[in-house]
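*Asks:* Below you'll find the structure I mean.
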Amino acid sequence: MNPQILSYDAGRHNAELAKSSSRIIQGGSWKKQRVVMIIPAADSIPTKVYLSHVNLIFPPNQAVVRFAALGMEVGDAYSKTIEMVLAHPELSKWEYILTIEHDNIPPPDGVIKLVEDMEQHPEFACIGGLYWTKGEGGVPQIWGDPKDTEINFRPQPPIPGQLVECCGTGMGFNLWRMSMFKDPKLRRPWFKTIAGVEGVGTQDLYFWGDAKKHGYRSAVDCGVLVGHYDAGSDVIW
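Given below as structure tokens:
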């Protein structure tokens, strides 16, 4: 560094004010973007996953609260925690719910990107990051093509860097509009793992099988890449 005579410098962001302003509007960070974060965890979270959760960046100067649903079946954990949130006089007024699971490793800016997606795409009630089922031959959790004449949950191929609409998402890293859970038309419990005379299904697609009937739409952002950690093999899929 050398001595400098400096009378005034408005800064780089002010130098390109139109561009800077457009970025703020695009991300909607001037609005309330409060997030309730729900983590279903049987009894523990692997260290690698925990550290990724700690590193998550949330919209600046916005409220965040974290719930750990411990020792509960995953569908039950989501449904009961959301019921508790909706019964709360303050939290029920917030804008978003973030579902994040004990074996998913999201990127640090993942929440920021999903919030920006939601601001730009009000037609979607839920947008998730891209993650795959575990193991060799795993498939992307972009369930079902809404252009099909019948609701289905066959996995769609991801499109790098793009938003892909689907019939249902996994729940490992999803941002949901709080308002959808206030809709009395949706059946309760919202999330339910079934294995019996009702059929067989995971809690996420059980929910979307009903939500699609009432016009709710979802998508996966293939630019938000989320790892799926297998603690037994210490492999991130």
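For the sequence shown, the residue numbers in this note's numbering are 14 to 250. By construction, the Cβ of each residue, glycine as well, lies at the ideal position given by its N, Cα and C atoms.
Classify S231 as helix, strand or coil using the three-state DSSP reduction.
*Replies:* S231 falls in the strand class under three-state DSSP.
*Asks:* In its own chain, which residues sit with a C-beta less than 6 Å from the C-beta of G150, not counting the 5 before and 5 after it?
*Replies:* Here the set comprises nothing.
*Asks:* Determine the contact status of G185 and E114, defining contact as a CB-CB distance below 9 Å.
*Replies:* Yes, they are a contact pair.
*Asks:* Report yes or no: do three or more beta-carbon pairs, one from the segment 109-128 and one from the segment 68-84, lie closer than 8 Å?
*Replies:* With the cut-off at 8 Å, the segment 109-128 and the segment 68-84 touch.
*Asks:* In terms of residues, what are the limits of the beta strand (DSSP E) holding A81?
*Replies:* A81 -> beta strand (DSSP E) spans 77-83.
*Asks:* What are the boundary residues of the beta strand (DSSP E) that T112 is part of?
*Replies:* 109-113 is the span of the beta strand (DSSP E), which, as asked, contains T112.
*Asks:* What span of residues does the beta strand (DSSP E) with R190 cover, start to end?
*Replies:* From DSSP, the beta strand (DSSP E) with R190 extends over 186-190.
*Asks:* Buried or exposed: which applies to D243, given that a residue is buried once 16 or more other Cβ atoms fall within 10 Å of its Cβ?
*Replies:* Answer is exposed; the Cβ neighbour count stays below 16.
*Asks:* Using the Cα positions of A54 and L111, report the straight-line distance between them to the nearest angstrom.
*Replies:* The alpha-carbon atoms of A54 and L111 are separated by roughly 15 Å.
*Asks:* Just the C-alpha distance for D56 and G183, rounded to the nearest angstrom, thanks.
*Replies:* If you take the alpha carbons of D56 and G183, they lie about 21 Å apart.
*Asks:* Which runs of the alpha helix (DSSP H) at least 4 residues long sit entirely within the segment 92-140? Give them in chain order.
*Replies:* Runs found: 123-133.
*Asks:* I'd like to know whether the C-beta atoms of I249 and G236 end up nearer to each other than 9 Å.
*Replies:* Not in contact: I249 and G236 (Cβ atoms no closer than 9 Å).
*Asks:* According to DSSP, L238 sits in a beta bridge with which residue or residues?
*Replies:* Its beta-bridge partners are L143.
*Asks:* How would you write the range of the beta strand (DSSP E) that L218 sits in, first residue to last?
*Replies:* Premise fails: L218 lies in the alpha helix (DSSP H), 216-224, not in any beta strand (DSSP E).
*Asks:* Closer than 8 Å to a non-hydrogen atom of the ligand ZN - does that hold for the CB of D223?
*Replies:* This structure lacks the ligand ZN; in fact it carries no ligand of any kind.
*Asks:* Check each candidate in W189, L199, K226 and name the one with the smallest Cα separation from E108.
*Replies:* Here the closest residue by C-alpha is W189.
*Asks:* Using DSSP's beta-bridge definition, name the partner residues of I58.
*Replies:* Looking at the DSSP assignment, I58 forms no beta bridge with any residue, so it has no partner.
*Asks:* Do the segment 91-108 and the segment 163-179 touch if we need at least three Cβ pairs shorter than 8 Å?
*Replies:* These segments do not touch.
*Asks:* Counting along the chain, where does the alpha helix (DSSP H) carrying N15 start and finish?
*Replies:* First-last for N15: undefined, no H or E at that position.
*Asks:* Pick helix, strand or coil for L69, following the three-state DSSP scheme.
*Replies:* Three-state DSSP puts L69 in coil, outside helix and strand.
*Asks:* If you draw a straight line from the C-alpha of F204 to the C-alpha of T94, how long is it?
*Replies:* Whole-angstrom Cα-Cα distance: 11 Å.
*Asks:* Whole-angstrom Cβ separation of P159 and C179, contact assumed at under 8 Å?
*Replies:* Yes, P159 and C179 are in contact; Cβ-Cβ is about 7 Å, under 8 Å.
*Asks:* Which of the three DSSP states is assigned to D243 in this structure?
*Replies:* Note: D243 maps to strand in three-state DSSP.
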